[in-house]
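Chains as they are written, first to last, in my numbering: chain C, 4 to 242; chain F, 4 to 242. Backbone N, C-alpha and C fix where the C-beta goes; we use that ideal spot for every residue, glycine too. Just so you know, these numbers come straight off a predicted model, no measurement behind them. Comments concern the structure below.
Protein chains: 2
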Amino acid sequence: MRGYDKYAYEPFAVTVDLAVLTIRGGALHVLLVERGQEPYAGHWALPGGFLLPDESAETAARRELAEETGLSDVSGLHLEQLRTYSEPDRDPRMRVVSVAFTALLPDAPEPHGGGDAAQARWRPYDSAGPLAFDHDRILADAHDRVGAQLESSCLATAFCPPEFTLGELQQVYETVWGLGLDRPNFRRKVLATPGFVEPVPGAARLTGGRGKPAALYRAGTATVLHPPLLRPSREGRPA
Amino acid sequence: MRGYDKYAYEPFAVTVDLAVLTIRGGALHVLLVERGQEPYAGHWALPGGFLLPDESAETAARRELAEETGLSDVSGLHLEQLRTYSEPDRDPRMRVVSVAFTALLPDAPEPHGGGDAAQARWRPYDSAGPLAFDHDRILADAHDRVGAQLESSCLATAFCPPEFTLGELQQVYETVWGLGLDRPNFRRKVLATPGFVEPVPGAARLTGGRGKPAALYRAGTATVLHPPLLRPSREGRPA
DNA sequence: CTCTTTATAGTCGAGATGACTCTTAAAGGG
DNA sequence: CCCTTTAAGAGTCATCTCGACTATAAAGAG
Numbered sequence: 004m005r006g007y008d009k010y011a012y013e014p015f016a017v018t019v020d021l022a023v024l025t026i027r028g029g030a031l032h033v034l035l036v037e038r039g040q041e042p043y044a045g046h047w048a049l050p051g052g053f054l055l056p057d058e059s060a061e062t063a064a065r066r067e068l069a070e071e072t073g074l075s076d077v078s079g080l081h082l083e084q085l086r087t088y089s090e091p092d093r094d095p096r097m098r099v100v101s102v103a104f105t106a107l108l109p110d111a112p113e114p115h116g117g118g119d120a121a122q123a124r125w126r127p128y129d130s131a132g133p134l135a136f137d138h139d140r141i142l143a144d145a146h147d148r149v150g151a152q153l154e155s156s157c158l159a160t161a162f163c164p165p166e167f168t169l170g171e172l173q174q175v176y177e178t179v180w181g182l183g184l185d186r187p188n189f190r191r192k193v194l195a196t197p198g199f200v201e202p203v204p205g206a207a208r209l210t211g212g213r214g215k216p217a218a219l220y221r222a223g224t225a226t227v228l229h230p231p232l233l234r235p236s237r238e239g240r241p242a
Numbered sequence: 004m005r006g007y008d009k010y011a012y013e014p015f016a017v018t019v020d021l022a023v024l025t026i027r028g029g030a031l032h033v034l035l036v037e038r039g040q041e042p043y044a045g046h047w048a049l050p051g052g053f054l055l056p057d058e059s060a061e062t063a064a065r066r067e068l069a070e071e072t073g074l075s076d077v078s079g080l081h082l083e084q085l086r087t088y089s090e091p092d093r094d095p096r097m098r099v100v101s102v103a104f105t106a107l108l109p110d111a112p113e114p115h116g117g118g119d120a121a122q123a124r125w126r127p128y129d130s131a132g133p134l135a136f137d138h139d140r141i142l143a144d145a146h147d148r149v150g151a152q153l154e155s156s157c158l159a160t161a162f163c164p165p166e167f168t169l170g171e172l173q174q175v176y177e178t179v180w181g182l183g184l185d186r187p188n189f190r191r192k193v194l195a196t197p198g199f200v201e202p203v204p205g206a207a208r209l210t211g212g213r214g215k216p217a218a219l220y221r222a223g224t225a226t227v228l229h230p231p232l233l234r235p236s237r238e239g240r241p242a
């Protein structure tokens, strides 16, 4: 806060950018909007927008999320600050500082384009880029962060509907991490972690096709995983 | 980025705030500056300042760090973005969005007050508050983040001088976590993690007092701890 | 009915971890 | 000079965890 009254300070435009992730058909998807104006007209970008005068970045992010996804209730969705991007040349027109957020959605309703002309669409994460501005970097950072958080938090349930099977939960891990997990071991680990999931008493769901019906679970009260659910590392031990 | 040309956007003042942490005499300390002007004149605050027109937040943070600590070379110090604070009322004078950083220092030279009149001083973390603005919250968030990062990264060496003993490294963990660790187990764990530390060939240091001289180590090349060094949880297993 | 598919239960060994004990090498006091 | 104190570092041992794997149960397809 030094220099408040001593030096002139530069005014900046402040925006929020959202990396909205969901899982559709076993693949990680991200919500993108098509830009209608220069620069990057016709390119895809992460949804976002300017802070209003009386909004915090969190408030603005939640407002933008509601606008872009068309969901009526975004109050329960997982929204978390990622980091702030402030390189001087990240927007060719002017100095823009952007606070990026990650949002995780359980189901994936088609976005209805928000309130303006730009169309919005779910795109597979692997074929999302190249995006406008530095959004490729933001998206990659969001993926890294979410992948790391799956290890030590109960975040995975944010990708799942209110009631889900352990198979669905496992698919969240496999999809985000991009690798397969052993089903009995995953099950043992999840059930041994108090507060991660709690069984829905009598319910079982036909998973939509063949096979034995799976028991249903709800997200538990815990937020951190103790001990963590570590993803297998490539280098086990170079003894 | 929607609405760039459609809506007016509010200009914001953008600052950086720094939670500069070090360990002095077995206690966590934080660098504070005394405010000379209203609001909060006479209160202590985290060092920080406005972004210059052509600076990224990271560049500004490193510049402020050099100014506030008086260190000639801050290029090697650990500096990391924490999060951005943007509540509309966090500064009573105007709308200020602040990007907060954590910085970790090995040794603790007395700060020489920077280039302006405000005095700067190391304060014990436990008796640091109350601070100006929302800096208590920022400082607490920084402590949480650093504590969590000690578990899964090699960050602890950032608190240590270039050559250090395992006892000193352990004290970093104990100080930040606020609990005692078993020395042989800590030693075993650190040495079993490839790339965490590497021995300085023939060197041993008289630790300054009684006891067997300890071997010296340098920070290794690894950045992540696989597997992590978990802090003991209060609830071991309520079986 | 039989095969396939998916959920769930159980087994087994290697590795990691927590709680200890013991030895070694220095300083300091008498 | 000897003995105590202090801290480093080596080693032990039981337990827990985890990965790999096998087996059983419950559904649909043919």
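Judged by DSSP in its simplified three-state form, F/PRO42 adopts coil rather than helix or strand.
In the DSSP annotation of this structure, the continuous segment of the beta strand (DSSP E) that includes C/ALA30 starts and ends at 30-37. Under the DSSP assignment, C/TYR176 falls outside any beta strand (DSSP E), being part of the alpha helix (DSSP H) whose first and last residues are 169-180.
Taking a Cβ-Cβ cut-off of 7 Å, the neighbours of C/PRO230 in chain F comprise LEU233, given in sequence order. For a Cβ distance threshold of 7 Å, residue set HIS229 of chain F lies close to C/SER236, ordered along the chain. The beta-carbon of F/ASP137 is placed no less than 7 Å from the nearest beta-carbon of chain C. Contact note: F/PRO91 reaches chain C through PRO56, ASP57, GLU58, SER59, using a C-beta cutoff of 8 Å and chain order. In this structure, F/ALA222 places its C-beta atom within 7 Å of the C-beta atom of F/THR160.
Here the C-alpha atom of C/ALA60 lies approximately 36 Å from the C-alpha atom of F/ASP110. Taking 7 Å as the CB threshold, C/PRO42 stays off the interface with chain F.
Three or more Cβ pairs closer than 8 Å define a contact, and the segment 68-77 of chain C falls short of that threshold against the segment 142-150 of chain C.
Taking a Cβ-Cβ cut-off of 7 Å, the neighbours of F/ARG86 in chain C comprise GLN84, given in sequence order. Identification of chain C residues near F/GLU201 by a Cβ-Cβ cut-off of 8 Å yields none; the smallest Cβ-Cβ distance measures about 15 Å. For C/SER156, the beta-bridge partners assigned by DSSP are C/VAL227. Here C/ALA195 is exposed. Its C-beta has fewer than 16 other C-beta atoms within 10 Å. C/GLU41 counts as exposed, since fewer than 16 other beta carbons sit within 10 angstroms of its beta carbon. C/VAL193: member of the alpha helix (DSSP H) spanning 186-195, first to last residue. In this structure, DSSP gives C/ARG124 an extended state, which the three-state scheme calls strand. Under the 10 Å beta carbon count, F/GLU201 is surrounded by fewer than 16 other beta carbons and is classified as exposed. C-alpha of F/GLY29 to C-alpha of F/SER130: approximately 15 Å in a straight line. Residue state for C/ARG140 is assigned as helix, using DSSP reduced to three classes. Under the 7 Å criterion on CB atoms, C/VAL77 is classed as non-interfacial with respect to chain F. The beta carbons of C/LEU55 and C/ALA64 sit about 12 Å from each other, so the pair does not count as a contact at 8 Å. For F/TYR12, the nearest beta carbon of chain C is closer than 7 Å to its own beta carbon.
Of the other Cβ atoms in all chains shown, fewer than 16 fall within 10 Å of the Cβ of F/GLY181; this residue is therefore exposed. In the DSSP secondary-structure assignment, F/ARG213 is not bridged to any residue. Using a Cβ-Cβ cut-off of 7 Å, C/VAL149 is close to nothing in chain F; its nearest Cβ partner there is about 15 Å away. Nearest C-alpha to F/ALA207 among F/GLU166, F/VAL23, F/THR25, F/VAL17: F/GLU166.
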